[in-house]
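So the sequences go chain by chain: A and B.
The first sequence: position 320 = 319 (numbering that gives the first Met the number 0), numbered continuously.
The second sequence: position 38 = 37 (numbering that gives the first Met the number 0), numbered continuously.
All C-beta atoms, glycine included, are put in the ideal place defined by N, C-alpha and C.
Keep in mind the model is a prediction, meaning the values are calculated, not measured.
There are 2 protein chains.
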Amino acid sequence: MRLSRRSLLTGTAGLAGAAVVGRSAKAEGARSGAAVDAVVIGGGLSGLIAARELVKQGKTVTLLEAKSTIGGRMVNQKVAGGGVIDLGGQWGGKTHYRLEALSEELKLKRYPSYYEGKGVFIWNGKSYTTDLFNDFWRSIGFSNPDDIDLPEKEKEAALQLWNELFEISKSISVEQPWTSPNAQVLDATPVSQWLLERNAAPLAQWMFGWICRGNGAQVFEPYESSMLHLAWSMAVAPPNETAEDWLFYKGAGEVAKIIANELGSRIILNAPVFKIDQDSSGLTVIYGDCKTVRAKTAVVAIPPPLRLNIQFNPPLPPRFVQLMRRTPMPSKWKVLAVYPTAFWRDQGYCAAGSGNLDVLEQTADACPPEGNPGIIASFVSGNKIGGFSQLSHQEQRALVLKDLAAYWGPQAKEPIELVIVRWTEDAWIGGGYGVTRSTGAWTAFGSGWQDDHGKVFWAGTEQSTRWPGYFEGAIEAGLAAVKRLNAVLA
Amino acid sequence: MRLSRRSLLTGTAGLAGAAVVGRSAKAEGARSGAAVDAVVIGGGLSGLIAARELVKQGKTVTLLEAKSTIGGRMVNQKVAGGGVIDLGGQWGGKTHYRLEALSEELKLKRYPSYYEGKGVFIWNGKSYTTDLFNDFWRSIGFSNPDDIDLPEKEKEAALQLWNELFEISKSISVEQPWTSPNAQVLDATPVSQWLLERNAAPLAQWMFGWICRGNGAQVFEPYESSMLHLAWSMAVAPPNETAEDWLFYKGAGEVAKIIANELGSRIILNAPVFKIDQDSSGLTVIYGDCKTVRAKTAVVAIPPPLRLNIQFNPPLPPRFVQLMRRTPMPSKWKVLAVYPTAFWRDQGYCAAGSGNLDVLEQTADACPPEGNPGIIASFVSGNKIGGFSQLSHQEQRALVLKDLAAYWGPQAKEPIELVIVRWTEDAWIGGGYGVTRSTGAWTAFGSGWQDDHGKVFWAGTEQSTRWPGYFEGAIEAGLAAVKRLNAVLA
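Here you go:
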């Protein structure tokens, strides 16, 4: 096994092209001294899409990115065996129409994610080979409950609570969740408390923990957020619409690279923004080493909690700030294990694993179509990152490999490359993914969450009401911000 | 009744002296161009104390304050009838020895808070005249339970839970709460869930809500934070040590004024800090309109969530950032109602009221010793501020007066001045008071909370393990930061 020697977060090499273009030229605003039509803050997918759309419309644009690389959490990287991995998001979903259209436009080929063969469900150390679910709301983890040899009563009780969540999610207003039926009570009820009220057994408790931490538009512990927020998450990113349906041949990160190259010198890297001053004629954005860009409008496309890293003048509304302070950055790391081949496929498996393991609660097949090299994607999710991140990298790897082997056998312990992407340790990203609202935050402080701030327009996937936390939401939010911004420019 | 026409947050007038001194002169660092020994960020009590201590020790100091006034939440103001109010904190406690010593040193006279006569407890609209408690852990609100005509069983059940909290609080490590017995379980249990587990009746639920929102070193809703954090709050600020024991004749804000005048031109107002760059020889602090101060060390004495408003280079440790993002700014407004005399005293009351009212869950006598003018202090606390802040100021006043009258009769509806201090609407303060940690944050991300960041030393009352959220904690934390800093300067 070759341990990757890459430190922390990599992927810079593959993006050198875009980076050099960005660095070597002054951006339009800086060059001319005149105000650009829009400054875009944040070079993740949402900011890139907003900038690209503005350029298409003939607007002058400067994009400021705090990091030395573009793409945010949309970053691909070559790995051993001739493969490509995505360090952040990678899948397209069945109903991710905007992402699909974008891939067509950029001429990036896609292929269906591999779901042939059996999955595995692990409960208290015992492994069950199972069919995959075909209805998410009748599944346990990724598995068909009929194939899991646990007491029928416990499974049925868990699925009943599952169904209750599904029913609540149907009643949620995605734009104004605080107006949903019973919103006050649901938002004052932590998920863990809701489960206690219903005498949930350990299986149901784990299933809810698993979905809170892992699946959908959110990452939180069941005690950290409310039933209203969980139901909202299910409403904005319906898990039965197969969010992990297809993949990019070259990795999703290719999308960011292509758009960054299109934008070229409009991008300024290493440009963290400190301050946005608004006046009657526009904005002055102060960044980096006290440089300024003058702009008529701004699109802010960074994760919501990071907005508090910018000093706004006039200041953001107090309730909006209170909401942001109750929108903690979710904790998620990605694991990518690369093998010579997708050995599990030969054994009739598709690498869709789930279960109550110590570190990895789910795995998925993330190979190229032919399974060569074999790649398994997994996650370390939620508050366990607090303790896990204090272990040495070697200890982390050992625990990850132990769980991979529990799912897929001893061969899984011998990857040719193992990449752990520690997103919470990237200062300009801070974690992932999606939106977590603290219990009660939606109903107390939520009502201004979609309000732009003068000529500052919010983008970023978390701003979407359709697949926030996903690429699809990033595109939607970027385009929507441009649409609102145009009303000011017009 | 004369409605005060002061907008939002006032108190600037009374501080004009200090402000002018600060504005009119360049600070030492700026003047000489050489590095000061320490830059202090934040001009609340903790920062003022740190700066004062450094000056006493012969160090060169620059204090940067984001606002145009000094004192943070330690601000006094003249009101109708010749009285003085404090817009933020005002009381000293029985065991607030540092604050007591400071008042002696500054020659500021104190007097005992007025607790003669009866209190009032209101439950579901019914008012009970009661003796005050003499043991907090045998009290309901501020009242002796024997005087409250509710079923003995319900009162006893509530007091049993009260006692259970008290017992847990004794087992908490104030420095390292995550190492306390049963810490993992306690921290994964929202207070509201803990109450549900014990079938708490409405009275007990309210009592816990009341203490979470109001009394001690924290302000949060029972569903927002954990039993571990509540018990920690009780351990660091024991409510049976009478935290509201005495008052300053001239108002507590006088302390800040005197120290600010001592510091004189070392203070720079209107100087929000954007960035702190550290290198081997010291720090460069960038503030205001991209001005810089060079310093050997820094004391950061601002509320913890506001630290995220500063860009640190090197960045703050990821777990520390995760913790700060799970330390939302508490929501509390202060209400001060001024009357010609303390009419309640003539009726045998001491204005200590508590109860499950819509807006004001507690009131206290805040008069000068002779009760002339009469002043009642109260609070709007917790998430109700979310909705309350959306009402017009006139509507807010009407609701406040309604509750004041419920406690103290129709005369309470006729103040000669009514001041509502909307702390959450002050962009450079953001709320108050004390420390709220989201459920689970202590155990997942807490362990570095006291670690300084290179040559940046944390102060601010919230950093203390003895009376955080109080003046006492502010002094302790300011002095402790200087002590640690001296190890670097030496």
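Subject >> Complete beta strand (DSSP E) runs within the segment 230-307 of chain A (minimum length 3 residues, chain order) >> reply: 245-247, 272-278, 281-286, 290-299
Original post:
Hey, GLY116(B) and GLY71(B): beta-carbon distance below 8 Å or not?
Top reply: no
**OP:** Classify ASN181(B) as buried or exposed, calling it buried when 16 or more other Cβ atoms lie within 10 Å of its own Cβ.
**Re:** The Cβ neighbour count for ASN181(B), taken over all protein chains shown within 10 Å, is under 16; the residue is labelled exposed.
**OP:** Determine whether the Cβ of GLU394(A) lies closer than 8 Å to any Cβ atom of chain B.
**Re:** no
Subject >> Enclosing alpha helix (DSSP H) for TRP90(B) [first to last residue] >> reply: Premise fails: TRP90(B) is in no alpha helix (DSSP H) and is neither H nor E.
**OP:** In angstroms with no decimal places, state the Cα-to-Cα distance between THR423(A) and THR340(B).
**Re:** Each residue's alpha carbon lies about 57 Å from the other.
Original post:
GLY213(B) to ASN133(A), Cα distance in whole Å?
Top reply: In this structure, the straight-line span from the alpha carbon of GLY213(B) to that of ASN133(A) is close to 50 Å.
Original post:
Which two residues bound the contiguous alpha helix (DSSP H) that contains TRP343(A)?
Top reply: 342-345
Original post:
Could you give the distance in angstroms between the alpha-carbon of LYS55(B) and the alpha-carbon of ALA49(B)?
Top reply: 10 Å
Original post:
Listing by chain order, which chain B residues have their CB less than 7 Å from the CB of GLY325(A)?
Top reply: It should be pointed out that residue 325(A) corresponds to Arg in this sequence rather than to Gly. The contacting residues are PRO327.
Original post:
With DSSP run on the structure shown, which of helix, strand or coil describes GLY118(A)?
Top reply: In the three-state reduction of the DSSP assignment, GLY118(A) falls in the strand class.
Original post:
Under three-state DSSP, which class holds ASN382(B)?
Top reply: coil
**OP:** Establish whether the CB of GLY385(B) and some CB of chain A are separated by less than 8 Å.
**Re:** yes
Subject >> For LEU417(A), the first and last residue of its enclosing beta strand (DSSP E) >> reply: 416-420
Subject >> Given PRO368(B) as reference, the closest of ARG51(B), MET233(B), ASP244(B) once Cα atoms are compared >> reply: ASP244(B)
Original post:
In chain A, which residues lie with their C-beta within 8 Å of the C-beta of THR438(B)?
Top reply: By Cβ distance, chain A contributes PRO189, GLU220, TYR222, GLU223, THR438.
Subject >> Option nearest LYS411(B) by Cα separation, candidates ASN123(B), ALA363(B), LYS274(B) >> reply: The residue you asked about is not Lys; residue 411(B) is Ala in the sequence shown. Comparing Cα-Cα distances from ALA411(B) to each of ASN123(B), ALA363(B), LYS274(B), the minimum goes to ALA363(B).
**OP:** Examine the Cβ distances between the segment 95-110 of chain B and the segment 269-280 of chain B and report whether three or more of them are shorter than 8 Å.
**Re:** no
**OP:** Report the three-state DSSP secondary structure of PRO176(A) (helix, strand or coil).
**Re:** DSSP places PRO176(A) within a helical segment (H, G or I) once states are collapsed to three.
Subject >> Under the three-state DSSP convention, the category THR460(A) falls into >> reply: helix
Original post:
I think LEU322(A) touches PHE444(A), with their Cβ atoms under 8 Å apart; what is that distance to the nearest whole Å?
Top reply: 4 Å
Original post:
Is PHE470(B) closer than 8 Å to GLY57(B) when the C-beta atoms are compared?
Top reply: Contact flag unset, no.
**OP:** Flag this pair as touching only if the segment 373-382 of chain B and the segment 402-419 of chain B have three or more C-beta atom pairs under 8 Å; answer yes or no.
**Re:** yes
Original post:
Quick one: what's HIS452(B) bridged to in DSSP?
Top reply: Bridge partners of HIS452(B): VAL455(B).
Original post:
Quick one, are the C-beta atoms of GLY215(B) and ALA236(B) less than 8 Å apart?
Top reply: yes
**OP:** Would you mind stating whether PRO221(A) and LEU194(A) have Cβ atoms separated by less than 8 Å?
**Re:** Closer than 8 Å, so yes.
**OP:** Please check if any C-beta of chain A sits within less than 8 Å of the C-beta of ALA426(B).
**Re:** yes
Subject >> Proximal residues of chain B, C-beta to C-beta of PHE444(A) below 7 Å >> reply: GLY385
**OP:** Return no unless some Cβ of chain A is closer than 8 Å to the Cβ of PHE273(B).
**Re:** yes
Original post:
For chain B, is any of its Cβ atoms less than 8 Å away from the one on ARG318(A)?
Top reply: Interface residue, yes.
**OP:** Classify GLU155(A) as buried or exposed, calling it buried when 16 or more other Cβ atoms lie within 10 Å of its own Cβ.
**Re:** exposed
Original post:
How is the beta strand (DSSP E) around ARG212(A) delimited, first residue to last?
Top reply: It is not in any beta strand (DSSP E) - ARG212(A) instead sits in the alpha helix (DSSP H) that spans 201-213.
**OP:** Per DSSP, which residues does ASP36(B) bridge with? Please list them.
**Re:** DSSP, once it has assigned bridges, lists no residue as partnering ASP36(B).
Original post:
Checking contacts by CB at 8 Å: is THR423(B) closer than that to chain A?
Top reply: Yes, because at least one Cβ of chain A sits closer than 8 Å to the Cβ of THR423(B).
**OP:** Check the DSSP bridge columns for GLY373(B) and list the partner residues they point to.
**Re:** TYR338(B)
Original post:
Can you find a C-beta in chain B that's less than 8 Å from the C-beta of ILE285(A)?
Top reply: yes
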